[in-house]
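K.L.:
First, the structure itself, so that you have it in front of you.
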Amino acid sequence: MPSKPNSEDPLLSRFMEELDLKEKVKLVGGKTIEECGTVISLLHRGRIEEADRLLSSVKKRVGLITKLCTEHPILLRLPVVRDANMEYVEAVCYYFFLTEGRVPPYTSFKVEPDEYILGLADLVGELRRRCLDLIRMGKLELASKTFDQMVETYEYIWRFEYPKKLVKGLRHKIDIDRKLLEDTRLILTQAHILAR
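Structure (structure tokens):
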């Protein structure tokens, strides 16, 4: 029978180290999620420079999470890792769409493929919000370009759901995105008709 664990026990030490690492990743991941939300909020308010600075901070946090997960793969099981990476993808993609008119490809990120796809699925909602803001301001050409990106993003992620479910959790997001697209298409069409 093994002896009673003590502070010198290598197995106990390993579990304690993993516990400390998990807590660290939870804190860093939580802060990453929070800051990604702030980045998106700043972008919606047109405060691009502030968003850019904050995104640099977020990138460092995501880099730390990636480094820790590479060194300790058990951390990949934490839901906060997936959530933080999804939020990061969403924030970066929205930033690049607003500043460069494009959405960066998967190869631009150091995240898991499903995190990229789910981040794109969330991006559709931000693009819709942007589209509606542009319609409200009477900028129908920009609204149409934003809507086109919504459609392109939706059609891209849809390939990962049909005919086989390749990404867990994507089906629900696709259903929501489809409804957002239908509603936005109707609103944009009505705005174009009224503008004639």
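Using my numbering, the first residue of the sequence shown is number 16, and each one after it goes up by one. Cβ coordinates follow ideal geometry from the N, Cα and C atoms, glycine included.
#1: Can you grab the Cα-Cα spacing for the pair LEU203 / ILE150, in whole Å?
#2: According to DSSP, is HIS87 part of a helix, a strand, or is it coil?
#3: Which of the three DSSP states is assigned to PRO128 in this structure?
#4: Where does ILE89 land, buried or exposed, given buried means 16+ other C-beta within 10 angstroms?
#5: DSSP three-state call for ASP148: helix, strand or coil?
#6: Here's the rule: buried if 16 or more other CB atoms are within 10 angstroms of the residue's CB, otherwise exposed. What is LYS75?
#7: From ARG68, GLU64, LEU57 and LEU113, pick the residue whose C-alpha is nearest to that of THR161; which is it?
#8: Less than 6 Å between C-beta atoms, sequence neighbours within five positions excluded: which residues of the same chain meet that for LEU142?
#9: Please tell me whether GLU50 and LEU69 are closer than 7 Å, where the distance is taken between their beta carbons.
#10: Leaving aside the five residues before and after PRO119 along the sequence, list all residues of the same chain whose C-beta is less than 8 Å from its C-beta, in chain order.
#11: Under the assumption that VAL73 contacts ILE132 (Cβ atoms under 8 Å), give the Cβ distance between them as a whole number of angstroms.
#12: With a cut-off of 8 Å on the beta carbons, I'd call GLY134 and GLU167 a contact; round off their distance for me.
#13: Let me make sure I understand the geometry here. Which of LEU155, LYS179 and ILE172 has the alpha-carbon closest to that of ARG200?
#14: Taking contact to mean at least 3 C-beta pairs separated by less than 8 Å, is the stretch 58 to 66 in contact with the stretch 39 to 47?
#15: Answer with buried or exposed for ILE189, where buried requires no fewer than 16 other C-beta atoms within 10 angstroms of its C-beta.
#16: Does the beta-carbon distance from VAL40 to LEU83 come in below 7 Å?
#17: Between LYS180, ASP192 and GLN205, which lies nearest to ALA158 when the distance is taken from Cα to Cα?
#18: What does a CB cutoff of less than 8 Å around ASP98 pick up in its chain, not counting 5 residues either side in sequence?
#19: Are the beta-carbon atoms belonging to VAL139 and TYR169 less than 7 Å from one another?
#20: Should ASP198 be labelled buried (16 or more other beta-carbon atoms within 10 Å of its own) or exposed?
P.N.:
According to the structure data:
#1: Approximately 7 Å between the Cα atoms of the pair.
#2: Here HIS87 sits in coil by DSSP.
#3: PRO128: helix per DSSP, three-state reduction.
#4: Exposed: under 16 other Cβ atoms inside 10 Å.
#5: Note: ASP148 maps to helix in three-state DSSP.
#6: By the neighbour-count rule (16 or more Cβ atoms within 10 Å), LYS75 is not buried but exposed.
#7: The shortest Cα separation from THR161 among ARG68, GLU64, LEU57 and LEU113 belongs to LEU113.
#8: Counting only residues of its own chain and dropping the five nearest sequence neighbours on each side, LEU142 has a CB closer than 6 Å to the CB of THR161, GLN164 and MET165.
#9: LEU69 sits close to GLU50, with the two beta carbons spaced by under 7 Å.
#10: If you ignore the 5 residues before and after PRO119, its C-beta comes within less than 8 Å of the C-beta of VAL107, CYS108 and PHE111, all in its own chain and listed in chain order.
#11: The pair is not a contact, with the Cβ atoms about 20 Å apart (cut-off 8 Å).
#12: Contact between GLY134 and GLU167 does not hold, since the beta-carbon distance rounds to 15 Å and is not under 8 Å.
#13: Closest in alpha carbon position to ARG200, among LEU155, LYS179 and ILE172, is LEU155.
#14: Under the Cβ criterion (8 Å, minimum of three pairs), the stretch 58 to 66 does not count as touching the stretch 39 to 47.
#15: With a 10 Å radius around the Cβ and a threshold of 16 neighbouring Cβ atoms, ILE189 comes out buried.
#16: Cβ distance < 7 Å, so VAL40 and LEU83 count as in contact.
#17: Minimum Cα-Cα distance from ALA158 among the listed residues LYS180, ASP192 and GLN205 corresponds to GLN205.
#18: Cβ neighbours of ASP98 beyond the five flanking positions: GLY44 and ILE48.
#19: Yes.
#20: ASP198 is exposed by the Cβ-count criterion.
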